[in-house]
Amino acid sequence: MEKRRKVANPLALAVLAELLVEPMHPYEIGRRLKEHGKDRNIKYNRGSLYMVVEQLKKAGFLTEQETLRDTQRPERTVYALTGEGRHEFHDWMRELVAEPRQEYPHFGVALSLLSALPPAEAAELLTRRLAALTAETEEIRADVRATQEGGVPWVFLVEEEYRLAVLEAECRFVTKLIGSLEQPEYVRAWQEIFGRHT
């Protein structure tokens, strides 16, 4: 069963992961998240990053290690992971990796209501979606290939491999769904139910 977390934002988990390596200030955390491509999986901006760091500190997962002052830049606080923060990271990761959870993607909502659209329109919209999915898949493949050729170990690309697998599965599903929507039996059935209201 999913635990109730003191700080449940996925950005918090990414911050804890970065601080496992070494203490750093939020600006550096943000730079590394972007450098490591985590911004493709976790939505954030500078303000939300600083807010999450503050929440993690209040929860006892981070501590201020030092404040750096130099004349060129504003004062910067370096944060370090506490023992409780390290435990929270590992516990949360074990939960996320081992326990599937119900997620509610927008596409799932659209699919649950798809029968309300005329079959030809639904098929045309799904064809557009398929083109976008195919383009995204090709882009990810190219990025993964280039990154691997740059010597990055596979484990640092595992989230991209997962995204590829999900996109490829969705492409297969959408292709099949388009074919089903174009079946004459479905078109007739839809017209019997909805045709008189259009």
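Position one of the sequence shown corresponds to residue 1 (the UniProt record's numbering), numbered consecutively onward. Glycine included, C-beta positions come from ideal geometry on N, C-alpha and C.
Legend entry - Glu2: first and last residue of the uninterrupted beta strand (DSSP E) it sits in: Counting along the chain, Glu2 falls outside any beta strand (DSSP E), and DSSP gives it neither H nor E.
Inset, instruction - Drop a sphere of 10 angstroms on the beta-carbon of His90, count the other beta-carbons inside from all chains shown, and report buried for 16 or more, exposed for fewer. - result: exposed
Inset, instruction - Check the DSSP bridge columns for Glu66 and list the partner residues they point to. - result: Val78
Inset, instruction - Inspect the beta-carbon positions of Leu56 and Leu62 and report whether they are closer than 8 Å. - result: yes
Inset, instruction - Report yes or no: do three or more beta-carbon pairs, one from the stretch 70-89 and one from the stretch 17-25, lie closer than 8 Å? - result: yes
Legend entry - Beta bridge counterpart(s) of Met24 as assigned by DSSP: Tyr79
Inset, instruction - Could you give the DSSP three-state label for Tyr104: helix, strand or coil? - result: coil
Inset, instruction - Tell me, please, whether the stretch 111-122 touches the stretch 184-193 by the rule of three or more beta-carbon pairs shorter than 8 Å. - result: yes
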